[in-house]
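Asker: Below is the structure I would like to discuss, written out as structure tokens.
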Amino acid sequence: MAQPADTHRAQLDDVAVILCDLDGVVWLSHEAIEGSVEAVDRMRADGRRVVFVTNNSAPRLADHEAALGAIGIDARGAVVSSSMAAARLIERGERVLISGGPGVAEAVQRRGAEAVRNDGNDDRRPCDAVVIGIDRSFDYQRLAWSARVVREGARLIATNGDATYPTPRGPEPGGGSLVAALEVAAGVDAVVAGKPEAPMAALIVDDVLGGAADRALMVGDRPETDGLFAARLGCPYAQVRSGVVAPGERVPPGVAVALDVADLAAVARSLIN
């Protein structure tokens with residue numbers, strides 16, 4: 024794998040915060056990728072802050088933290104999810120239809136809004152917004168309810184637009200596949216909150232980086248998501264080949280890559296020399 028170019032060496036030397044994707048970088052279906060746990064420990068021991076930035080909106084924050092703890096990573100207070108970014112688009116007191124997992128409902132409730140779980144049994148009441156994320160129970164009735172309230176004027180907010188996510192069995196449908204179905208059914212384009220879009224960037228700047236985006240490094244496996252997110256933040260991007268993009272596969276043009284390596288362990292080795 025390629026090593027960092029000389030022009031990027033100074034940027035990497037100054038990195039104080041690692042923004043680390045989860046699926047395809049730290050784990051696959053909650054199974055740790057070889058060397059990832061040790062890489063997080065090593066970067067933290069070197070004085071760098073590691074924050075996990077995920078488009079997986081389904082779990083509650085405590086569930087994300089517990090799953091990382093189960094593989095040996097202390098993630099308390101160190102997880103930012105796309106459900107949190109989506110909730111920033113909701114106003115206190117609004118009635119919100121949740122077509123997503125418990126993490127979406129939790130984030131919306133913390134915002135001070137009413138979270139209505141989409142169980143397919145349409146109560147015919149109006150909603151101010153629909154928030155859609157990955158939902159393994161999503162079906163025709165849930166699609167119909169969501170589409171109706173959007174057609175009647177509710178805002179459509181997507182936690183993320185990722186069409187797939189990596190697993191040990193290969194890619195499986197992601198939240199973006201459900202978003203696409205609802206956009207077609209409702210005739211409306213969703214406002215996307217997660218990486219690489221502006222709501223997630225604003226959340227990271229406000230709650231994690233402050234004015235130090237130039238001292239962050241985004242580590243991801245999906246260039247059109249993580250790479251473009253790094254560009255939006257104005258920080259360098261480390262591409263790993265342990266998830267969506269296989270070794271030897273070309274990164275799409277237009278994505279600037281400061282570091283192109285096999286996995287998170289190689290990122291740690293490149294930073295700590």
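Each residue of the sequence shown is one higher than the one before, starting from 24 at the first, in the numbering used here.
No residue lacks a Cβ here, since even glycine has one placed at the ideal position from N, Cα and C.
1) Which of the three DSSP states, helix, strand or coil, is assigned to threonine 248?
2) With a threshold of 7 Å between beta-carbons, can alanine 269 be considered close to chain C, or not?
3) Which whole-angstrom value is the C-beta distance of isoleucine 227 and leucine 42, which I expect to be below 8 Å?
4) On the CB-based measure, 16 or more other CB atoms within 10 Å of its CB, does isoleucine 295 come out buried or exposed?
5) By DSSP, does alanine 216 sit in helix, in strand, or in coil?
6) Given that a residue counts as buried once 16 or more other Cβ atoms are within 10 Å of its Cβ, and exposed if not, what is asparagine 144?
7) Report all residues from its chain with a CB closer than 6 Å to the CB of serine 59; omit the five preceding and five following residues, and keep chain order.
8) Taking C-alpha atoms, which residue in Ala253, Glu195 and Ala208 lies nearest to lysine 218?
9) Would you call the segment 140-155 in contact with the segment 183-192, where contact means no fewer than 3 C-beta pairs closer than 8 Å?
10) For leucine 294, name the three-state secondary structure that DSSP assigns.
11) Per DSSP, what kind of secondary structure is valine 172 in: helix, strand or coil?
12) Considering only C-alpha positions, which residue in the set Pro82, Ala109 and Asp64 is nearest to isoleucine 96?
13) Give, in chain order, every unbroken run of the beta strand (DSSP E) that is at least 3 residues long and sits entirely within the segment 73-107.
14) Quick check on this structure: which residue in Val127, Gly100 and Ala90 has the alpha carbon closest to the alpha carbon of arginine 111?
Answerer: Concretely, from the data shown:
1) As a position in the sequence shown, residue 248 is number 225, starting the count at 1. If DSSP states are grouped into helix, strand and coil, threonine 248 belongs with the helices.
2) The question asks about chain C, but that chain is absent: this structure has only one protein chain.
3) Stepping through the sequence shown from its first residue, residue 227 is reached at position 204. Stepping through the sequence shown from its first residue, residue 42 is reached at position 19. About 7 Å; that satisfies the 8 Å criterion.
4) Residue 295 sits at position 272 when you count from the first residue of the sequence shown. Classification for isoleucine 295: exposed.
5) For the purposes of this step, residue 216 is taken as residue 193 along the sequence shown, with counting starting at 1. Correct three-state label for alanine 216: coil.
6) What you label residue 144 is simply residue 121 of the sequence shown in a count that begins at 1. Asparagine 144 comes out exposed.
7) For the purposes of this step, residue 59 is taken as residue 36 along the sequence shown, with counting starting at 1. Around serine 59: Val49 and Leu287.
8) Taking the first residue of the sequence shown as position 1, residue 218 is located at position 195. Lysine 218 has its Cα closest to that of Ala253, out of Ala253, Glu195 and Ala208.
9) no
10) On the sequence shown, position 271 is the one that residue 294 refers to. Leucine 294: helix per DSSP, three-state reduction.
11) Taking the first residue of the sequence shown as 1, we reach residue 172 at position 149. In the structure shown, valine 172 sits in a helix (DSSP, three-state: H, G or I).
12) Residue mapping note: residue 96 aligns to position 73 of the sequence shown, counting from 1. Ranking the options by Cα distance to isoleucine 96, first place goes to Asp64.
13) Listed in chain order, the beta strand (DSSP E) runs fully inside the segment 73-107 are 102-104, counting runs of at least 3 residues.
14) Mapped onto the sequence shown, residue 111 falls at position 88. Residue Val127 is the option with its Cα nearest to arginine 111.
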